[in-house]
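Under mature numbering (1 follows the signal peptide of the UniProt record, and there is no 0), read the sequence shown as residues -22 to -1, 1 to 268, first letter to last.
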Amino acid sequence: MKLTQIVAVTAALLAGPVTAWASDHAAHRIVGDEREIVRRYETSGRNGSSSSNSRGSDVLLERVVAVRDDGVELEYDLPKNTSAPDRARQWQFPARLFKPSSGPAKLVNADEIDARIDAWIKAAGLTRASCGGWLFTWTMFKIECDPQSIIATVEGIDLRSLRAGEGEPYRDIESRVSGTLTRTQAGPRGETYTALLPIDPDAVRRTRAEGDVAVAQIMDKTLTLDDALRRRARDTISGTIAITLETDAAGTVWRRTRVTILEAVGSDGTPESSTHTEIVTHRAASEQRP
């Protein structure tokens, strides 16, 4: 499986960066406030003599449902103009999460979502036994049936609870070590911070191995994860994760740019490279898009 394919699958399925969260999720939240969250991504790569490119975008609306002393309840939904067929294909939304001032987020409407999953499985001609497996259309995708997976999806695009400041640590799921934020720009409208983290080779090898298992499953072959990991242990992996955080005048992060550059040499000696850029932007739902 090509490195670029694995990166594309990973971007679609994983939560994204794991960062340091601010302690007060409810600060400055007002019931009824609605924000648009836009995620744009682009991947380019080369495998030996071949190259590939892909890009896309996702949009969610975040609405404040309730503010309590111990946290805030938020609803995440697809844009209001989403067609009925498109909505039926995405059982995850609307989803309501309670984000406490400390501790993990909790899914509020899990039963409602579970009922949508049943309808989605039936419409797709699948069964619950298919859950956790893989399908291939224009790309590979996992048959996800766990309502709790929504929490990771939402946390991967959460910017408002990020700490952005000179010297603040920044953690990422694909790096073993924390980066340190450095202020690179400051002005009356906000500030910009950057951090650079090294890629964790073992995390990439595991992702590649999981991709190999998925491909084998699609091709009706048998490959265990342990066997795939042993094969991928010979891969040479290097790369970096570059983070840019932009804040408004109040210090709230409204845009995050994440650029992952990977270089790999497989056990067969074929060089591979990939650059994946993800930009997550938060804005008031009433604001016009640029």
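Cβ atoms here follow ideal geometry from the backbone N, Cα and C, with glycine treated the same way.
In this text the structure is predicted, and so the values were computed from the model without any measurement.
Closest option to Arg208, judged by alpha-carbon separation, among Ile99, Asp180 and Leu175: Asp180.
Assigned with DSSP and collapsed to three states, Trp98 falls in helix. Judged by pairs of C-beta atoms under 8 Å, the stretch 207 to 227 does not touch the stretch 123 to 134, as fewer than three such pairs exist.
Counting only residues of its own chain and dropping the five nearest sequence neighbours on each side, Asn31 has a CB closer than 6 Å to the CB of Ser22. Between Val45 and Glu14 the beta-carbon gap is near 20 Å, outside 8 Å, which marks them as no contact. DSSP places Ser156 outside both helix and strand once states are collapsed to three, so it counts as coil. Looking only at Glu188, Thr238, Leu137 and Ser156, the smallest Cα-Cα distance to Glu224 is reached by Leu137. Bridge partners of Gln163 according to DSSP: Thr170. Asp178 has its alpha-carbon roughly 22 Å from the corresponding atom of Tyr171. Inter-residue distance for Arg7 and Val42 is about 7 Å (C-alpha atoms, whole angstroms).
In the three-state scheme derived from DSSP, where H, G and I count as helix and E and B as strand, Ala220 is classed as strand.
Annotation for Ser251: the continuous beta strand (DSSP E) segment containing it runs Pro249 to Ala262. Under the 8 Å Cβ criterion, the stretch 69 to 80 does not count as touching the stretch 159 to 168, having fewer than three qualifying pairs. According to the DSSP secondary-structure assignment, Trp112 is paired through a beta bridge with Lys120.
At a Cβ-Cβ threshold of 7 Å, Thr222 and Thr235 count as neighbours. Ser30 sits in a strand when the DSSP states are folded into three classes.
For Thr131, the enclosing alpha helix (DSSP H) starts and ends at Ser127 to Glu133.
Inter-segment contact for the stretch 257 to 265 and the stretch 240 to 247 is absent: fewer than three beta-carbon pairs are separated by less than 8 Å. In this chain, the beta strand (DSSP E) harbouring Val243 covers Val231 to Val243. The beta carbons of Ile215 and Ala242 sit closer together than 7 Å. Between the stretch 54 to 61 and the stretch 84 to 102 there are fewer than three inter-stretch CB-CB distances shorter than 8 Å, so the stretches are not counted as touching.
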